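Heads up: the structure comes next, in C-alpha cells.
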Amino acid sequence: MAFDAHGDVSDEALMVLYANGDRHAALALTRRVTPRVLSYAARLLGGDRAEAEDVAQETMLRLWKIAPDWRQGETKVTTWAYRVATNLCIDRQRARGRRRQMALDDAPEVADAAPGAEGRLQDAGRMAALEAALRELPDRQRQAVVLRHLEGMTNPEIAAIMEIGVEAVESLTARGKRSLSAILSGRKADLGYEDDGDAG
Amino acid sequence: MQDDDLDRLLAAAAQRPIVPSEALMERVLEDALRLQPVTPRPSVRPRPGLIARLAGLLGGAPALAGLGTAAVFGLVLGYYSPTTLDYLTGTTTDTAEFFPEADFLTTEG
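Protein chains in written order, with the working numbering: chain A, 136 to 335; chain B, -3 to 105.
In C-alpha cells:
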C-alpha cells in the first residue's frame, strides 16, 4: 500500500475529497476505517473471520456509495461505519439463526502442554472462552461490551453508534459484564485464573 | 469470576489485533475506486479571434452590420455629385443670398 498522503486530514474531510475524485482519499479511508470495522465485526460475530471480512467490505461499500451525499458535521465516519456494521452483523446472525455455539469444552486444553506453549494455549483458551461467552450475551449487551471494552470507545461514542442515551450504554455495559462473569465463572480454574491469583 | 479477572481478560482481548488481510484491503480499495464519483472537468471554450473580439467591443454582429451599412451609404453619398444627389432625392439646389447689399465688398475699384 502506498503512503497515506492525508495523514492530518479528518475522516470527514476525506469523505469530501473522495467524493471529489481524490484517489489518495480513497486509499486513506480504506486504511483507516477497514481495520476498525473488521475488528468490531469479528468480535460481534464471535471470531468468524470470513464473515467479518464480508461485513467489513459491505460496510465500506456503503460508505463509498454515500460519500457524494455525505454531510460534514452531522456524524463521524467511524460512528456511521460501526452503526452499519452492527446492523449487518445482526442481519447475518438472524438470517442464519443462532450460530452454533462453541461449547466451552471445545476450547483448547491448557493441561499437558509443552513448557512455553502452555501460556499461548492458555491465552488462546481464554480468548475462545471469552468469544463463546460474548456470543451468549443479548445483542445489545454484546455490542455495548465490545465497543466499550474491546474497541475502547467512550460511552458518548457508543451512545451515538447505538442511538441510545449514555445512561442506557452504562446500563448495558454493566449488565453485559455481569453476564460475562456469570458465564465464565464456571471456567475459572480451566482458564487459569486461580493460578494467576496464587501467583499474583 | 472476579471483576478483576474479567477486566484482565477483556484487556488482553483488546490488545489482540485483528489485522485485515491484504486481499481484503485490495478488495475494499478496488470498490472505492470503482465507485468513486468522477468530477466533470470544466469545458474549455475556444478563445474568440481578433475580429470576433472587435465585433464584441462594438456591440456584436447586429451593431457591426448597421455600422457597415451606414459606412457604405456614407461613401455613396460622398462619391456621387450633388446633381446626382438631387436626382436621387428629387430635389433641386437653390442658391440663397444672405447679404445681397454686400456685393460692393467683393468688387474692386
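Cβ atoms here follow ideal geometry from the backbone N, Cα and C, with glycine treated the same way. These figures come from a predicted structure and were not determined experimentally.
Identify whether W215/A lies in helix, strand or coil by the three-state DSSP scheme.
helix
C-beta neighbour in chain B for N290/A, strict 8 Å
no
What is the rounded straight-line gap between the Cα of R277/A and the Cα of E266/A?
10 Å
In three-state terms, what does DSSP make of I14/B?
DSSP places I14/B in coil when its eight states are reduced to three.
C-alpha distance - L25/B paired with A163/A, whole-angstrom precision
If I take the Cα positions, the gap works out to 10 Å.
Report yes or no: do three or more beta-carbon pairs, one from the region 52 to 66 of chain B and one from the region 181 to 199 of chain A, lie closer than 8 Å?
no
In angstroms with no decimal places, state the Cα-to-Cα distance between A246/A and A19/B.
Bear in mind that the predicted position of A246/A carries a pLDDT of just 42, short of 50, making it unreliable; the figure below should be weighed with that in mind. C-alpha separation (whole angstroms): 37 Å.
With 8 Å as the C-beta to C-beta threshold (strictly closer), list the residues of the region 144 to 165 of chain A near chain B in chain order.
Here the close residues are Y153, A154, N155, G156, R158, A161, L162, L164, T165.
Do you know how far the Cα of K211/A is from the Cα of E188/A?
E188/A and K211/A: Cα-Cα distance of roughly 22 Å.
Strictly below 7 Å CB to CB, what residues from chain A border L6/B?
H284, L285
Where does E298/A fall in DSSP's three states?
coil
Here's a check: name, in chain order, each residue in its chain whose Cβ is nearer than 8 Å to the Cβ of L315/A, leaving out the five neighbours to either side.
L265, A268, L269, L272, V280
E147/A: first and last residue of the uninterrupted alpha helix (DSSP H) it sits in
146 to 154
Please decide whether L239/A counts as near chain B, where near means a Cβ-Cβ distance under 8 Å.
In this predicted model, L239/A has a pLDDT of only 44, less than 50, meaning its place in the structure is not dependable enough to derive any value.
Closest Cα partner of R227/A within the set G260/A, A185/A, W205/A:
A185/A
Got a sec? Which residues, its chain only, sit under 7 Å from S320/A by beta carbon, not counting five neighbours each side?
Shown here for S320/A: not one same chain residue has a beta carbon closer than 7 Å to its own, the five before and five after excluded.
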